[in-house]
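In structure tokens, the structure reads:
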């Protein structure tokens, strides 16, 4: 009996699904795309209505040969690529190389890799969705036109190796625009007044708000020290009177299950993983992990989604689990099915959730790597908590007067944990602020009046999390594009990541200025977002994809011709260093090559001397008294080592300093976090630390 052939994208997924379907099915992998536009040419016939010229991808010959061989032997072929537009397009290309009629029911899709989901999917194959295929073709052609038309212009006018793209160029523009905002920012002075009050031997704080004027509350802004001193001089330290007390309750609702972007944002903040790493680990969890007796199974649903919808079965299972393990009061009653209100949400499949709630993170921890466990735990807790009751707080707000000046004290106390029982939130959350039992007309005395000068702060630079959030809010890109977009602008040296914040490079600013001047109608947030909506409309069958390309290309081609004519060759002067070329005595300059920056002699081609850039931190090596230098690992993680390596093997992930530990005399290192930095002894057995200013 001939076997049924199932074609998926990855070998790991093929292995997992093969075990689930049994011996009547053969599961093989296409290893991603098998056909694409050629790399050496544009690959789009501009004269024939933008028809793409697809070719078999170089190096895929053996894979295609095996697919055709197995396809001829199979009784039935199932195309089971990923459940998104790109997956639909890959299935379409597979149908082409296997000579499958595209109207034949061969397409199967599943949101999770579990035995039940896989067996159910192969029973109900469908036809290929040509609207989804056309939407993906439109994206591919648009990206090719922008990339292959603008990039050569950048090579000619600036330097080789540069690139442009619909989404990557807008992402670069966001980082550059934020830097301009920061440079132009003018800090504004303001002040605060805080009264440290006491009641029944309990200290609490009240913040200045304003003053009663003509019997009405009026907020007062404190713009100078003179304003503050004038108010403080009129306060009666021993006569603060409680005017009113308002008590109430506040509910904090749980967060919905993760989408791709919210997973990337949260894992970036909590686990400090890069977006590339997050998606790589999520792919492993989706494709399947061997968890002992149960065998290999996908632990999470498909990780590329912008929907928070959850199936009724998953909601019902979560409800049972929560009631059984935490009590009925912790369940939200199974009311949550996801938020479908956002128009731009494709809602093709569910939000990211565990495929089996009973696979608790700690129960399968031994089968997971540390990174897999951390990400799975995050996803599991987020989903379970989304089905739990809101947290409840008791709140209190007090107005306190001193000579008609108003101070306000607010406090909250967690009354019921609700979803916080398992999901620890980290941003802008309620704090348990205790305030003693206070009644109207109570008289209080101020132990101290604290005044402080402040200055408004410029907008924060983008982190990976905040850049993804902004791209999503603007409707730019899709779940599958966020991680590769960030990887691209870093690889092109348009931006750098320093202490988890993005900074534009000189090259990034130069390229952004040029693209903004000559391609402003294309390289901007509004246009890119509108184009994403058009792609959604194509997927919904509302537009012909070639008409969308034609409308785009009319204006794009005009701008391209103008840029070719007007842009002069831009010379980027090499940065001169203090490093002297030992061969000819000239000051070496910084060049950028395929593998990053390096030092080169400006006397080329007469002098061809080059050497790596040594990033000194002005710290002596604790082992040999040589120089400590900053280096990058193969995975681009910064570490510190001795300049005399391999003679000296000193190495540290944390930045060392010249200061010695006062207790054990070992070298100290800097531990950095968001709010401050700490000096810590490198000797783990010592544990001595002290806080330092983050600046």
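Numbering (the UniProt record's numbering), first residue to last: 1 to 695. Quick reminder that beta carbons are idealized off the backbone N, C-alpha and C, glycines included.
Counting only unbroken stretches of 4 or more residues, the alpha helix (DSSP H) elements lying wholly within the region 290-334 are 312-326, in sequence order.
In the DSSP annotation of this structure, the continuous segment of the alpha helix (DSSP H) that includes residue 172 starts and ends at 166-184. Across the structure, residue 143 and residue 75 are spaced so that their CA atoms are roughly 38 angstroms apart. Taking one beta carbon from each stretch, the region 304-313 and the region 216-225 have fewer than 3 pairs nearer than 8 angstroms; the two do not touch. Ranking 3, 402 and 445 by CA distance to the CA of residue 234 puts 402 first. Residue 274 counts as buried, since no fewer than 16 other beta carbons sit within 10 angstroms of its beta carbon. It is roughly 33 angstroms from the alpha-carbon of residue 11 to the alpha-carbon of residue 171. In the same chain as residue 504, and ignoring 5 residues on each side of it, the C-beta atoms closer than 6 angstroms to its own belong to 175, 176, 179 and 495, in chain order. Unbroken alpha helix (DSSP H) stretches of 4 residues or longer found wholly inside the UniProt domain "Toprim" (3-113): 11-21, 61-73 and 85-97, given in chain order.
Close CB contacts of residue 185 within its chain, under the 7 angstroms cut and outside five residues either way in sequence, are with 458 (chain order). Pairwise C-beta distances place the region 407-424 out of contact with the region 275-283, as fewer than three of them are shorter than 8 angstroms. Taking 8 angstroms as the cut-off, the Cβ atoms of residue 323 and residue 354 do not count as close. The three-state reading of DSSP puts residue 203 in strand, counting E and B together.
As DSSP reads the structure, residue 191 sits in a beta bridge with 453. Collapsing the DSSP output to three states places residue 158 in coil. By the Cβ criterion, the region 188-207 is in contact with the region 441-448, since at least three pairs of Cβ atoms, one from each stretch, lie closer than 8 angstroms. One thing to note: residue 406 has its Cβ no nearer than 8 angstroms to the Cβ of residue 438.
Residue 468 and residue 265 do touch by the CB rule: their CB atoms are close to 6 angstroms apart, below 8 angstroms. Bridge pairing for residue 498: 501 [DSSP].
Per DSSP, the continuous alpha helix (DSSP H) segment holding residue 491 begins and ends at 482-491. Per DSSP, the unbroken alpha helix (DSSP H) holding residue 508 starts and ends at 506-518. Residues of the same chain with a CB within less than 6 angstroms of the CB of residue 6, apart from the 5 flanking positions on each side, are 25, 27, 78 and 80 in chain order. With 16 or more neighbouring CB atoms inside 10 Å of its own CB, residue 168 falls in the buried class.
Bridge pairing for residue 656: 669 [DSSP]. Each residue's CA atom was taken as its position, placing residue 540 and residue 52 some 21 angstroms apart.
CA-CA distance, residue 490 to residue 463, rounds to 13 angstroms.
Boundaries of the beta strand (DSSP E) around residue 244: 240-252.
Look at residue 541 here: in three-state DSSP terms it is coil, with no helix or strand label. In the structure shown, residue 198 falls within a strand segment according to DSSP collapsed to helix, strand and coil. In the DSSP assignment, residue 230 falls within the unbroken alpha helix (DSSP H) covering 225-234. C-alpha of residue 530 to C-alpha of residue 150: approximately 20 angstroms in a straight line. Annotated as distal: residue 288 and residue 301, with beta-carbon spacing of 8 angstroms or more. As the crow flies, the alpha-carbon of residue 211 is around 18 angstroms from that of residue 444. The region 119-127 and the region 523-537 do not touch, with fewer than 3 CB-CB distances between them shorter than 8 angstroms. In the DSSP assignment, residue 576 falls within the beta strand (DSSP E) that extends over 575-580.
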